[in-house]
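Going by our numbering, the first residue of the sequence shown is number 537, and it counts up by one from there.
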Amino acid sequence: MCNNHKNMTSTHVLSVPSAKASFEKTTIERRELRPHDILIDIKFSGICHSDIHSAFGEWGGGIFPMVPGHEIAGVVEAVGTEVTKYVVGDRVGVGCFVDSCGECEYCLSGEEQYCTRGVINTYNGLDYDGNPTYGGYSQKIVVTEGFVVRIPDGLDMDRASPLLCAGITTFSPLKHWNAGPGKKVAIVGMGGLGHVAIQFAHAMGAEVTVLSRSNNKKEEALEFGADHYYATSDPSTFKELAGRFDLILNTVSANLDVDAYLSLLRIDGTLVNVGAPAEPDKYHVFSLIMGRRSIAGSLVGGIRETQEMLDFAAEHGIAPMIEVIRADQVDEAYERVLRSDVRYRFVIDISTL
């Protein structure tokens with residue numbers, strides 16, 4: 537069996553040896569191609585806030601050394617003997633997951649993210665053989681073809697990469713809760729997720745309101761397709777907007793005054809969380825009872841829906857606003873994300889690794 541190692545792919549990566557450590561350039565081995573595997577030459581990898589939570593060990597259970605990154609855009613370099621969907625040279629993407637059981641009711645319905653056996657995360661996870669997974673801050677990755685999506689020609693590779701997490705994380709709940717013509721949708725937060733959510737909700741035909749702490753992003757929000765913009769630091773905002781929205785999509789990962797936001801919902805309205813604060817939220821059940829309102833959450837989306845999202849983005853000219861950085865700027869980029877000093881998503885140019 538010694539010859540197996542010849543077929544493994546050695547690749548440069550950016551990894552953190554321990555929680556909150558600085559990134560270092562190291563080398564790992566990617567597995568040899570199985571029949572359904574694809575070897576991807578990574579071109580760009582987006583930086584997601586969850587990368588920072590994970591690399592800093594804030595969510596517990598971190599597996600170190602860690603190679604973050606689940607917003608991967610690249611080109612097919614090689615395919616396994618039984619791959620049917622992709623050929624060498626195809627533009628492809630990989631999002632938050634790289635495998636699932638494929639047999640449970642959720643996998644069979646195209647919602648692999650809810651796999652009952654446990655979906656395999658692109659990084660900071662263990663595959664079904666017990667090996668740690670390493671993500672997209674890397675020159676190459678091997679992924680089974682069922683977890684690879686096609687990047688449409690209408691999307692630039694660098695701007696497509698954040699859609700693999702920020703895009704599907706906002707597209708999926710907007711679609712699930714029927715954002716569309718005649719619906720009033722509020723987007724809380726005007727960051728990496730929020731600025732993409734505005735574009736999707738607008739393209740779906742909803743009336744879109746942005747709720748952000750201050751007015752300093754108002755012009756950009758309106759350019760992205762928002763119809764209205766309110767500063768949540770102004771107490772009159774909550775009086776003026778009481779009972780207005782069918783759907784509120786909360787994209788921020790800080791704790792909010794949940795009762796105040798629930799008061800903005802119409803009867804039967806829903807507050808959907810996609811940002812995940814480290815501390816628990818608090819609210820009064822009366823805020824729900826008095827308006828038959830709901831609090832909900834949504835976890836990215838399945839592979840089929842991720843492809844649908846990319847095709848929708850290409851068709852409607854939706855793309856994140858990004859700042860492309862070099863591999864040696866990742867530590868600095870993390871600090872800037874924590875200071876909210878990015879418009880609106882960092883993307884690593886992997887050719888600089």
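Idealized CB from N, CA, C, for every residue including glycine.
Just so it is clear, the structure is predicted and the values come from calculations on it, not from any experiment.
Quiz item: By how many angstroms is the C-alpha of Gly-730 removed from the C-alpha of Arg-802?
Solution: 21 Å
Quiz item: Which one of Ala-762, Asn-752, Thr-773 and Ser-586 has the shortest CA to CA distance from Met-740?
Solution: Ala-762
Quiz prompt | Terminal residues of the alpha helix (DSSP H) in which Tyr-765 lies | solution = First-last for Tyr-765: 764-767, but that is the beta strand (DSSP E), not the alpha helix (DSSP H).
Quiz prompt | Cutoff 8 Å; reference Thr-680; Cβ partners in own chain excluding five residues on either side | solution = Within the same chain, Thr-680 has close Cβ partners Arg-570, His-572, Asp-573, Ile-574, Val-634 and Asp-635.
Quiz item: Across which residues does DSSP place Ala-614 in a beta bridge pair?
Solution: Leu-575
Exercise. Taking only the alpha-carbon atoms, compute the straight-line gap between Ala-557 and Val-603 and give it to the nearest angstrom.
Key: 12 Å
Quiz prompt | Exposed unless 16 or more other CB atoms sit within 10 angstroms - verdict on Met-826 | solution = exposed
Practice problem: Inspect the beta-carbon positions of Arg-875 and Ala-702 and report whether they are closer than 9 Å. | Solution: Contact: no.
Exercise. Go ahead and label Val-623 buried or exposed: buried means 16 or more other beta carbons lie within 10 angstroms of its beta carbon, across all protein chains shown.
Key: exposed
Quiz item: Which residues in the same chain as Ile-677 place their Cβ atom closer than 7 Å to its Cβ, once the five residues preceding and following it in sequence are excluded?
Solution: Arg-566, Ile-576, Ile-578, Ile-608 and Val-630
Exercise. Determine, using beta carbons only, whether Ser-581 and Tyr-642 come nearer to each other than 9 Å.
Key: no
Quiz prompt | Three-state secondary structure (DSSP) of Leu-747 | solution = strand
Quiz item: Can you find at least 3 beta carbon pairs, one from the region 827-839 and one from the region 649-661, that sit closer than 8 Å?
Solution: yes
Quiz item: Hey, would you say Asp-804 sits closer than 9 Å to Asp-782, going by beta carbons?
Solution: yes
Quiz prompt | Nearest residue (CA-CA) to Val-878, options Gly-728, Tyr-664, Val-615 and Lys-775 | solution = Comparing Cα-Cα distances from Val-878 to each of Gly-728, Tyr-664, Val-615 and Lys-775, the minimum goes to Gly-728.
Self-check item: Residues sharing a beta bridge with Ser-834, DSSP
Solution: DSSP lists no partner for Ser-834.
Practice problem: Report the three-state DSSP secondary structure of Gly-582 (helix, strand or coil). | Solution: strand
Quiz item: If Asn-786 sits next to Leu-807, beta carbons under 8 Å apart, how far is it from one beta carbon to the other, in whole angstroms?
Solution: 6 Å
Quiz item: Do the region 865-873 and the region 583-592 meet, that is, are 3 or more Cβ pairs less than 8 Å apart?
Solution: yes
Quiz item: Between Thr-773 and Phe-736, is the Cβ-Cβ spacing less than 9 Å?
Solution: It is not a contact, given that the beta carbons lie outside the stated cut-off.
Quiz prompt | Span of the alpha helix (DSSP H) around Phe-822 | solution = 822-825
Quiz item: Under the DSSP definition of a beta bridge, which residues are partnered with Pro-668?
Solution: Leu-662
Quiz item: beta strand (DSSP E) containing Val-628: first to last residue?
Solution: 627-630
Quiz prompt | For Ala-850, three-class secondary structure by DSSP | solution = helix
Quiz item: Thinking C-alpha only, which one of Ala-796, Leu-699, Arg-828 and Ala-812 is nearest Tyr-819?
Solution: Ala-796
Quiz item: What whole-angstrom Cβ distance do Val-724 and Leu-700 have, given they're in contact under 8 Å?
Solution: Contact doesn't hold; Cβ gap of about 22 Å is too wide.
Self-check item: Residue range of the alpha helix (DSSP H) that includes Gly-730
Solution: 730-740
Practice problem: State buried or exposed for Gly-671, treating a residue as buried only when at least 16 other CB atoms are found within 10 Å of its CB. | Solution: buried
Quiz item: Does the Cβ-Cβ distance between Ala-757 and Ala-715 come in under 9 Å?
Solution: no
Quiz item: Closest to Tyr-664 by CA distance: which of Cys-637, Thr-768, Asp-793 and Leu-644 is it?
Solution: Cys-637
Practice problem: Hey, could you find the ends of the beta strand (DSSP E) Leu-691 is sitting in? | Solution: Looking at the DSSP string, Leu-691 is not in any beta strand (DSSP E), and its letter there is neither H nor E.
Practice problem: Below 6 Å CB to CB, which residues in the same chain sit around Ser-823 once its five sequence neighbours on both sides are set aside? | Solution: Scanning its chain for C-beta atoms nearer than 6 Å, with the 5 sequence neighbours on each side dropped, one finds around Ser-823 the residues Asp-795 and Leu-798, in chain order.
Self-check item: Endpoints, the beta strand (DSSP E) within which Gly-605 is located
Solution: Run containing Gly-605: none; DSSP gives neither H nor E here.
Quiz item: How far does the alpha helix (DSSP H) with Val-794 in it reach, from first residue to last?
Solution: 794-798
Quiz item: Which of the three DSSP states, helix, strand or coil, is assigned to Cys-538?
Solution: Note that Cys-538 scores a pLDDT of 40, beneath 50, so its modelled location is shaky and nothing firm can be said.
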